[in-house]
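Right, one structure below, let's go through it.
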Amino acid sequence: MFEARPHYPDYSTAPVQHQFSPYADNGGSVVAIAGEDFVVIGADTRLSAGFSIYTRNQNKLFQLSKTTVLGCSVGLDNEGKGCVYSYDPIGHCEKAKYRAGGSAGALLQPLLDNQIGQKNMEIASKEPISQEKAIATLKDVFISAAERDIYTGDSVSIKVITKDGIKEETFELRKD
Amino acid sequence: MAILTPSFLDDTDHARSPPYSILKSHPLVQKEKCLILWIVLPCRHNGPTPGLLYNFPATQIKPNDYFTHTQVRLITTATSVVVITYKNGVIMAGDLLASYGSLASGVQKLPGMLKVNDNTILGLVGTMQIFSIIDEECLDDGLSLKPKSLYCWLTRIMYQRRSKFDPFWNNIIVAGNQEGKPFLGTVDKLGTAYTDKIICTCFGAHILTPLLRDHLDRNPNMSLEEAKALLEKCMEVLYYRDARSYDKYLLGYIDLDAGVKIEGPFQIKHSWEIAHKEY
Numbered sequence: 003m004f005e006a007r008p009h010y011p012d013y014s015t016a017p018v019q020h021q022f023s024p025y026a027d028n029g030g031s032v033v034a035i036a037g038e039d040f041v042v043i044g045a046d047t048r049l050s051a052g053f054s055i056y057t058r059n060q061n062k063l064f065q066l067s068k069t070t071v072l073g074c075s076v077g078l079d080n081e082g083k084g085c086v087y088s089y090d091p092i093g094h095c096e097k098a099k100y101r102a103g104g105s106a107g108a109l110l111q112p113l114l115d116n117q118i119g120q121k122n123m124e125i126a127s128k129e130p131i132s133q134e135k136a137i138a139t140l141k142d143v144f145i146s147a148a149e150r151d152i153y154t155g156d157s158v159s160i161k162v163i164t165k166d167g168i169k170e171e172t173f174e175l176r177k178d
Numbered sequence: 464m465a466i467l468t469p470s471f472l473d474d475t476d477h478a479r480s481p482p483y484s485i486l487k488s489h490p491l492v493q494k495e496k497c498l499i500l501w502i503v504l505p506c507r508h509n510g511p512t513p514g515l516l517y518n519f520p521a522t523q524i525k526p527n528d529y530f531t532h533t534q535v536r537l538i539t540t541a542t543s544v545v546v547i548t549y550k551n552g553v554i555m556a557g558d559l560l561a562s563y564g565s566l567a568s569g570v571q572k573l574p575g576m577l578k579v580n581d582n583t584i585l586g587l588v589g590t591m592q593i594f595s596i597i598d599e600e601c602l603d604d605g606l607s608l609k610p611k612s613l614y615c616w617l618t619r620i621m622y623q624r625r626s627k628f629d630p631f632w633n634n635i636i637v638a639g640n641q642e643g644k645p646f647l648g649t650v651d652k653l654g655t656a657y658t659d660k661i662i663c664t665c666f667g668a669h670i671l672t673p674l675l676r677d678h679l680d681r682n683p684n685m686s687l688e689e690a691k692a693l694l695e696k697c698m699e700v701l702y703y704r705d706a707r708s709y710d711k712y713l714l715g716y717i718d719l720d721a722g723v724k725i726e727g728p729f730q731i732k733h734s735w736e737i738a739h740k741e742y
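Chains S and C, in that order, give the protein sequences.
Residues in the first sequence are numbered from 3 upward in steps of one, following this note's numbering.
Residues in the second sequence are numbered from 464 upward in steps of one, following this note's numbering.
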């Protein structure tokens with residue numbers, strides 16, 4: 003049926019129907035890298051919705067026990083080795099050595115495959131990754147993510163889990 | 464298959480509202496062998512329908528249209544609330560306008576901020592219905608909630624209602640004195656919650672957050688007077704730029720020493736001289 007009458011929204015006496023979606027994407031990325039006797043996890047601290055940044059210092063890492071941090075699920079296994087468990091909305095669960103997730107997950111995982119996993123390399127180092135190299139790589143990939151992903155930025159909060167406990171540090175990212 | 468046009472009806476004045484009974488009684492429709500092609504041919508545009516009471520803008524109101532569900536209801540709303548932490552507390556500003564869509568429905572009777580107890584104030588943006596819920600469930604229970612506890616409780620209430628698909632259409636801001644430290648947190652209709660040193664809602668989130676972040680970076684330890692002056696400037700910027708704002712505002716603050724105060728209404732000094740300037 004055609005409506006020939008002009009429509010004046012401001013004068014309408016009909017009830018206004020508001021669309022309600024119970025979901026929101028608040029962005030943010032998390033990266034975890036496991037080594038022989040340690041595991042390092044980092045998450046950015048930006049909380050956003052669309053083009054608005056709600057806050058620049060939102061913590062996204064939660065300590066569950068002395069040797070476990072939830073971001074991706076990260077910790078030391080019962081042999082004291084570093085391990086990363088990832089779990090996604092579909093239900094896919096996997097134990098891994100390194101993982102990137104969140105808004106820049108698709109951007110960072112291939113980078114980790116290359117830098118940490120050394121996939122498809124003819125001369126791959128057999129040496130397990132050192133703690134310093136893991137932290138440096140983690141910082142590098144967050145810098146890269148902040149460059150291209152508007153939902154990742156402000157700063158990264160990093161937690162390093164070893165048998166001696168959890169060390170924390172923050173690392174500043176670009177804030178635009 | 465036949466096509467019926469309005470020409471089979473003798474009363475063309477009814478073209479605005481199809482007389483369903485006449486259509487239904489048509490033999491072809493009854494045999495379900497007909498495609499009804501209804502072309503509305505109003506005899507005149509924008510005017511009253513002959514023989515009917517003039518009902519501008521010609522929409523029908525049925526009693527059941529209102530208050531059927533949270534998502535379909537008349538809402539009066541308060542708009543931008545601006546909150547910042549200063550050296551010795553938290554300060555909140557909000558104008559006194561209650562809007563009904565884009566229609567300003569006057570100075571609101573309920574303020575957009577309320578004192579909860581001696582260490583907490585609450586800022587509310589959105590529908591005014593949640594006032595009564597907070598009033599009943601939290602203000603009258605004789606307990607003195609700390610701001611963090613109230614904030615935490617509100618995140619659960621808001622998230623529960625969004626999960627029932629019947630959300631409270633609000634942004635709630637909790638400001639207070641949490642064991643001698645300024646506390647500022649907010650929760651929206653989805654249960655998304657965060658704490659920060661600056662919280663602005665609605666249009667203020669777009670034009671005032673950058674201004675305030677910049678200001679707080681330069682001067683992280685503002686005095687109460689500096690904070691009041693800053694918020695006055697904010698309300699002025701908002702009044703010039705936000706169509707749904709008003710030139711009178713309230714200030715609510717929690718000073719770690721002086722306690723909770725809600726002051727105002729204050730009048731924004733504004734000038735539209737520039738609009739009359741000839742170049």
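All residues carry an ideal CB built from backbone N, CA and C; glycine is no exception.
Beta-carbon of residue i versus every beta-carbon of chain C: anything under 8 Å?
i	result
arginine 176 (chain S)	no
glutamine 60 (chain S)	yes
asparagine 122 (chain S)	no
proline 24 (chain S)	yes
asparagine 28 (chain S)	yes
isoleucine 168 (chain S)	no
threonine 139 (chain S)	no
threonine 172 (chain S)	no
Bridge partners of residue i, per DSSP?
i	result
isoleucine 554 (chain C)	C:Ile547, C:Tyr716
isoleucine 43 (chain S)	S:Ala34, S:Lys161
glutamate 171 (chain S)	S:Ile160
alanine 102 (chain S)	S:Val33
asparagine 633 (chain C)	C:Gly589
isoleucine 725 (chain C)	C:Gly715
proline 645 (chain C)	C:Asn640
glycine 73 (chain S)	Paired residue(s): none; glycine 73 (chain S) is not in a bridge.
tyrosine 657 (chain C)	C:Thr649
valine 579 (chain C)	Answer is none; valine 579 (chain C) lacks a bridge partner.
leucine 78 (chain S)	S:Gly84
threonine 57 (chain S)	S:Leu49
glutamine 65 (chain S)	S:Val71
Is residue i close to chain S, meaning its C-beta is less than 8 Å from at least one C-beta of that chain?
i	result
phenylalanine 628 (chain C)	yes
leucine 653 (chain C)	yes
tyrosine 657 (chain C)	yes
arginine 624 (chain C)	no
histidine 739 (chain C)	no
alanine 638 (chain C)	no
alanine 692 (chain C)	no
glutamate 726 (chain C)	no
alanine 556 (chain C)	no
alanine 721 (chain C)	no
Have a look at the options and flag the residue whose alpha-carbon is nearest the alpha-carbon of residue i.
i	options	result
alanine 36 (chain S)	S:Ala138, S:Val76, S:Thr47	S:Val76
alanine 690 (chain C)	C:Glu699, C:Val700, C:Leu613, C:His678	C:His678
threonine 618 (chain C)	C:Gly654, C:Lys644, C:Arg625	C:Gly654
proline 130 (chain S)	S:Lys99, S:Ser159, S:Gly104, S:Ala148	S:Lys99
isoleucine 662 (chain C)	C:Arg625, C:Gly727, C:Cys697	C:Cys697
histidine 136 (chain S)	S:Val162, S:Tyr10, S:Gln65	Reading off the sequence, residue 136 (chain S) comes out as alanine, not histidine. Out of S:Val162, S:Tyr10, S:Gln65, S:Val162 has the C-alpha closest to the C-alpha of alanine 136 (chain S).
tyrosine 25 (chain S)	S:Pro91, S:Ala126, S:Lys97	S:Pro91
threonine 583 (chain C)	C:Asp659, C:Ser607, C:Val546	C:Ser607
lysine 83 (chain S)	S:Phe173, S:Glu171, S:Lys165	S:Lys165
isoleucine 160 (chain S)	S:Asp178, S:Leu140, S:Ala147	S:Leu140
tyrosine 549 (chain C)	C:Ala692, C:Glu726, C:Trp632, C:Tyr703	C:Ala692
valine 545 (chain C)	C:Asn684, C:Arg676, C:Gly722	C:Arg676
serine 734 (chain C)	C:Arg704, C:Asp581, C:Ala721, C:Asp558	C:Arg704
glutamine 21 (chain S)	C:Lys740, C:Ser543, C:Ile725, C:Phe628	C:Phe628
valine 42 (chain S)	S:Cys74, S:Asn61, S:Gly29	S:Cys74
alanine 138 (chain S)	S:Gln117, S:Leu78, S:Ala51	S:Gln117
Please state whether the Cβ-Cβ distance between residue i and residue j is less than 8 Å.
i	j	result
aspartate 46 (chain S)	phenylalanine 144 (chain S)	yes
serine 31 (chain S)	alanine 106 (chain S)	yes
leucine 687 (chain C)	alanine 556 (chain C)	no
threonine 57 (chain S)	tyrosine 712 (chain C)	no
glycine 167 (chain S)	lysine 68 (chain S)	yes
isoleucine 636 (chain C)	threonine 649 (chain C)	yes
glycine 589 (chain C)	asparagine 633 (chain C)	yes
proline 630 (chain C)	lysine 652 (chain C)	yes
isoleucine 725 (chain C)	methionine 576 (chain C)	yes
glutamate 81 (chain S)	serine 88 (chain S)	no
serine 157 (chain S)	glutamate 171 (chain S)	no
glutamine 120 (chain S)	serine 127 (chain S)	yes
Exercise for review: Check each residue of the region 68 to 99 of chain S: if its Cβ is closer than 8 Å to any Cβ of chain C, include it; give the result in chain order.
Suggested key: The residues in question: there are none.
Check your understanding: Closer than 8 Å, Cβ to any Cβ of chain S: which residues of the region 689 to 717 of chain C, in chain order?
Key -> So nothing in the stretch comes that close.
Point to revise | Members of the region 153 to 166 of chain S that neighbour chain C once the beta carbon cut-off is set at 8 Å | key: So nothing in the stretch comes that close.
Practice item. Taking a Cβ distance cut-off of 8 Å, strictly less, list which residues of the region 30 to 53 of chain S are near chain C, in chain order. Key: The residues in question are Leu49, Ala51.
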